[in-house]
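In my numbering, the protein residues as written are 136 to 923.
Structure below.
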């Protein structure tokens, strides 16, 4: 059901669900975090306010003493206590109205309104008392002990009278002339809710209170209705936040007092909720904006994805792959399904192509290229294990007569039977390969020459039995040549060449087999001499470089050339590259040879560019040079020295060379590509393992091996391989060039298959530099004439 929803709607639903879920989760987390932070900050602010409450209470208490000093120094009070008979009155007078000796003074920054005024004579006997409310004076104040009076003298003193807290201050009234104490004034107030409230400037419904010595019980608060005396702090924890709790010491007290401030929890929650509500609104707006922007981006992405999906669908519809019966609407599901089907189809075709490229189509045995790779791997392994191996090359006897007399069809049947007999007489770990024509090879790993000879004798016995091909009873023998590694060599090319020498020696002397013997190798000494002459030719630059033109298939335009080396020996005449290049690789001369080719080809390419011919020049590079760390620097210096843009230079590397060390080769090729030069895979189709790495390599061009192009018009398998390579390269974004184009039929087929470029004797043979320059001039002249 969900698969049938379009990708855009599906992403929209998922986005809404995810954004909603994330928003709620983030909101919960952020809300809790902000609550903690805000509550902490608010508590810190209220703690400062609580400190101000404590300070105000302290100032208010001390102000009583200051007020007492002002009252005691007033003329009215001095006149009252010095009038005749005042000292001798026997009973105290309790005033109901304000007596005349009481002034209204402003003390400190606020009014201090003591509840009780009491006058004492010099012997500390009470004479007069007044309650500002006109009520009776509490007995506990009228009966104060001398100790209380002395403690309160000249300071504000807190004391507990009849279990009630009081503030008293006792100040001497002195004669102005002799400064003799003639009476005392006491100001007092009960420390009740009114006192607590008057001592503060309370805001935000703050309440202050004094705690008893147990620090848990409220003695008195500024709001007795909300926080009555005697209530426990634990009973108030859900209603109030207690701040500033701690011991209060102002100087004179008989009580252990703890002063605290109360902040209503509801007020804190209200402030916190108000802030969080605004924060939540901002987060919601940000979430909506994010969702809108994200969906806008998704719409753009899905639109592009729809186009890509349609292209993939159109491409896969043209291929013979099984398609699903139910078509989902989700483009990603469609894309994933088509990619999976395409990958399976390509994997199947690749496997078939790999097998075709590495096996002989007639006998289904490994071909020469495959054998060389297996032999190379075994040689590398034997370096570690110190094991030996034997390579055998065999050639059927009288096979040419069978072909000429009975025809190629009978010859093919003989070859198939010969392959079967060879395969049945070797071990499972051995490899039988067909090198071409009637030539076969056998690779015997982990074996010595004596044991290999026993296998060879069994093969010869088997070949003494007649071959039956369509009622024709044929006697076909085989001549075998054996080499042992590392006894007779540790290089692929040397072992193959020496096995050939041994095989031809067996044929020459009508033997069923021979083991390689350097004495019988007529070419051994001459090859050493030729190798020395090659070194001299490289050092003295006696070699020649030719350039074979490359043409664009459809337009016929000349787009570049491949540099091909030639060696005109003064005695031997023309020596083909297939003969001296392997010698250069075996002797290590290939590096200096390659540098000479780079030097000459970049020089000619730069000269043609200066003349206005913007063409590309390619050279062949062997595996030894690819892994040469100095190659990059030499290329760079050559480009710089000749002022040649690197993009007009191409390095051709065979796929087998790349696969020798694929990871290291990839690193080197990436460096070459970053320099700006182009990279072409040469002889493509003759290997079997590079396809897995092809998409990882910085390749610009794939070059189809000439072996497929030459017989393409007559061999449908070759044509199929060429078409598969072109399709594969095009799908990977690479250009394709076919070499070995020698007939019009091959040219027509390549044009039909939409091959990008061609080269071969049909278009042009390799030309000397002067001849190539002349060809460029002719083409330029034709262009100028046609433009007129």
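Note that the Cβ used here is the ideal one computed from N, Cα and C, for glycine as well.
On a predicted model such as this, the values are computed, not experimentally measured, just so you know.
(1) Could you round the C-beta distance between residue 680 and residue 686 to whole angstroms and report it? I think they count as a contact, below 8 Å.
(2) For residue 294, is the classification buried or exposed, using 16 other Cβ atoms within 10 angstroms of its Cβ as the cut-off for buried?
(3) Does the segment 174-181 come within contact of the segment 203-219, defined as at least 3 CB pairs closer than 8 Å?
(4) Tell me the rounded alpha-carbon separation between residue 484 and residue 782.
(5) Quick one: residues in its chain with C-beta nearer than 7 Å to the C-beta of residue 147, no 5 flanking neighbours on either side, listed in chain order?
(6) Could you tell me how far apart the beta carbons of residue 752 and residue 696 are, in whole angstroms, since I believe they sit closer than 8 Å?
(7) Taking residue 814 and residue 797 to be in contact with their CB atoms under 8 Å, please state how far apart those CB atoms are, rounded to whole angstroms.
(8) Along the beta strand (DSSP E) that carries residue 394, what are the first and last residues, could you check?
(9) Residue ranges of each alpha helix (DSSP H) run of no fewer than 4 residues wholly in the segment 259-336, ordered along the chain?
(10) What residue range is occupied by the uninterrupted alpha helix (DSSP H) comprising residue 230?
(11) Provide the residue(s) that pair with residue 376 in DSSP beta bridges, ordered along the chain.
(12) Quick one: is residue 243 buried, meaning 16 or more other Cβ sit within 10 Å of its Cβ, or exposed?
(13) Do you know how far the Cα of residue 788 is from the Cα of residue 438?
(14) If you drop the 5 nearest sequence neighbours on each side, which residues of the same chain put their C-beta closer than 8 Å to that of residue 346?
(15) What runs of the alpha helix (DSSP H), each 4 residues or longer, lie entirely inside the segment 710-745?
(16) Between the C-alpha atoms of residue 897 and residue 858, what's the straight-line distance to the nearest angstrom?
(17) Using DSSP with H/G/I as helix, E/B as strand and the rest coil, what is residue 493?
(18) Secondary structure at residue 702, three-state DSSP: helix, strand or coil?
(19) Using only alpha-carbon positions, find the residue among 592, 525, 704 that is nearest to residue 624.
(20) With distances taken Cα to Cα, identify the nearest neighbour of residue 489 among 505, 497, 477, 498.
(21) Quick one: any contact between the segment 859-876 and the segment 886-896, if contact means 3 or more CB pairs under 8 Å?
(22) Just to confirm, are residue 291 and residue 331 a CB contact at a threshold of 8 Å?
(23) Quick one, which of 808, 785, 743, 653 has its alpha-carbon nearest residue 777's?
(24) On the criterion of 16 or more Cβ atoms from any shown chain inside 10 Å, does residue 989 qualify as buried, or is it exposed?
(25) How long is the line joining the alpha carbons of residue 619 and residue 601, rounded to whole angstroms?
(26) Might you give, ordered along the chain, the residues of its own chain that have their beta carbon closer than 7 Å to the beta carbon of residue 297, omitting 5 neighbours on each side?
(27) Going by beta-carbon coordinates alone, are residue 733 and residue 754 separated by less than 8 Å?
(28) For residue 550 and residue 724, what's the separation of their Cα atoms in angstroms?
(29) Below 8 Å, can you find three or more Cβ-Cβ pairs linking the segment 625-644 to the segment 603-612?
(30) Which residues in the same chain as residue 929 place their Cβ atom closer than 7 Å to its Cβ, once the five residues preceding and following it in sequence are excluded?
(31) Where do the N-terminal and C-terminal ends of the alpha helix (DSSP H) with residue 843 fall, by residue?
(32) Just mark residue 188 as buried or exposed, buried being the case when its beta carbon has 16 or more other beta carbons within 10 Å.
(33) Tell me the residue span of the alpha helix (DSSP H) that contains residue 552.
(34) Quick one: any contact between the segment 803-812 and the segment 831-849, if contact means 3 or more CB pairs under 8 Å?
(35) Would you grab the beta carbon distance between residue 616 and residue 532 for me? Rounded to a whole angstrom, and I think it's under 8 Å.
(36) Give me whichever residues DSSP pairs with residue 527 in a beta bridge.
In short:
(1) Position 545 of the chain shown, counted from the start, is the residue given in the question as residue 680. Position 551 of the chain shown, counted from the start, is the residue given in the question as residue 686. Actually they are not in contact, since the Cβ atoms of residue 680 and residue 686 sit about 20 Å apart, beyond 8 Å.
(2) Mapped onto the chain shown, residue 294 falls at position 159. By the 10 Å Cβ count, residue 294 comes out buried.
(3) no
(4) To locate residue 484, count along the chain shown from 1; it is residue 349. To locate residue 782, count along the chain shown from 1; it is residue 647. Cα to Cα, the separation comes out at about 33 Å.
(5) Taking the first residue of the chain shown as 1, we reach residue 147 at position 12. Only 430 meet the Cβ criterion.
(6) For the purposes of this step, residue 752 is taken as residue 617 along the chain shown, with counting starting at 1. For the purposes of this step, residue 696 is taken as residue 561 along the chain shown, with counting starting at 1. Between residue 696 and residue 752 the Cβ distance is about 6 Å, and since that is below 8 Å, they are a contact.
(7) On the chain shown, position 679 is the one that residue 814 refers to. On the chain shown, position 662 is the one that residue 797 refers to. Wrong, their Cβ atoms sit about 14 Å apart, outside the cutoff.
(8) Translated into positions along the chain shown, residue 394 becomes position 259. Counting along the chain, the beta strand (DSSP E) containing residue 394 begins and ends at 392-399.
(9) 274-277, 281-287, 328-333
(10) Numbered from its first residue, the chain shown carries residue 230 at position 95. Not the alpha helix (DSSP H): residue 230 falls in the beta strand (DSSP E), residues 228-230.
(11) The residue labelled residue 376 in the question sits at position 241 within the chain shown. Partner(s): 398.
(12) The residue labelled residue 243 in the question sits at position 108 within the chain shown. Because the pLDDT at residue 243 is just 39, under 50, the model does not fix this residue reliably, and the value given afterwards should be weighed accordingly. That one is exposed.
(13) In the chain shown, counting from the first residue as 1, residue 438 sits at position 303. In the chain shown, counting from the first residue as 1, residue 788 sits at position 653. Roughly 41 Å between the two C-alpha positions.
(14) The residue you call residue 346 lines up with position 211 of the chain shown. Hits under 8 Å: 352, 353, 354, 368, 380, 392, 393, 394, 395.
(15) 712-722, 725-745
(16) Here residue 897 is taken as the residue at index 762 of the chain shown, counted from 1. Here residue 858 is taken as the residue at index 723 of the chain shown, counted from 1. Cα to Cα, residue 897 sits roughly 20 Å from residue 858.
(17) Your numbering for residue 493 matches position 358 in the chain shown. Reduced to three states, the DSSP call for residue 493 is helix.
(18) Translated into positions along the chain shown, residue 702 becomes position 567. Of the three classes helix, strand and coil, the one that applies to residue 702 here is strand, per DSSP.
(19) Taking the chain shown and counting its residues from 1, one reaches residue 624 at position 489. The shortest C-alpha separation from residue 624 is found at 525.
(20) The residue labelled residue 489 in the question sits at position 354 within the chain shown. Nearest option by C-alpha distance: 505.
(21) yes
(22) For the purposes of this step, residue 291 is taken as residue 156 along the chain shown, with counting starting at 1. For the purposes of this step, residue 331 is taken as residue 196 along the chain shown, with counting starting at 1. Contact: no.
(23) Working through the chain shown from its first residue, we reach residue 777 at position 642. When each option's Cα is compared against that of residue 777, the closest is 743.
(24) It is not possible to answer for residue 989, since the shown part of the chain is limited to 136 through 923.
(25) What you label residue 619 is simply residue 484 of the chain shown in a count that begins at 1. What you label residue 601 is simply residue 466 of the chain shown in a count that begins at 1. Going from the Cα of residue 619 to the Cα of residue 601 covers about 30 Å.
(26) Taking the first residue of the chain shown as position 1, residue 297 is located at position 162. Closer than 7 Å at Cβ, skipping near neighbours: 275.
(27) Taking the first residue of the chain shown as 1, we reach residue 733 at position 598. Taking the first residue of the chain shown as 1, we reach residue 754 at position 619. For residue 733 and residue 754, yes; Cβs fall inside 8 Å.
(28) To locate residue 550, count along the chain shown from 1; it is residue 415. To locate residue 724, count along the chain shown from 1; it is residue 589. Cα to Cα, residue 550 sits roughly 39 Å from residue 724.
(29) no
(30) Absent from the structure is residue 929, since the part of the chain shown begins at 136 and ends at 923.
(31) Locating residue 843 in the chain shown gives position 708, where the first residue counts as 1. 841-845 is the span of the alpha helix (DSSP H), which, as asked, contains residue 843.
(32) If you number the chain shown from 1, residue 188 lands on position 53. Flag for residue 188 reads buried.
(33) Residue 552 sits at position 417 when you count from the first residue of the chain shown. It spans 543-559 - the alpha helix (DSSP H) in which residue 552 sits, taken as one unbroken run.
(34) yes
(35) Taking the chain shown and counting its residues from 1, one reaches residue 616 at position 481. Taking the chain shown and counting its residues from 1, one reaches residue 532 at position 397. Residue 616 to residue 532, Cβ: 13 Å. No contact.
(36) As a first step, residue 527 is located in the chain shown; it is residue number 392 there, counting from the start. 577, 617, per the DSSP bridge assignment.
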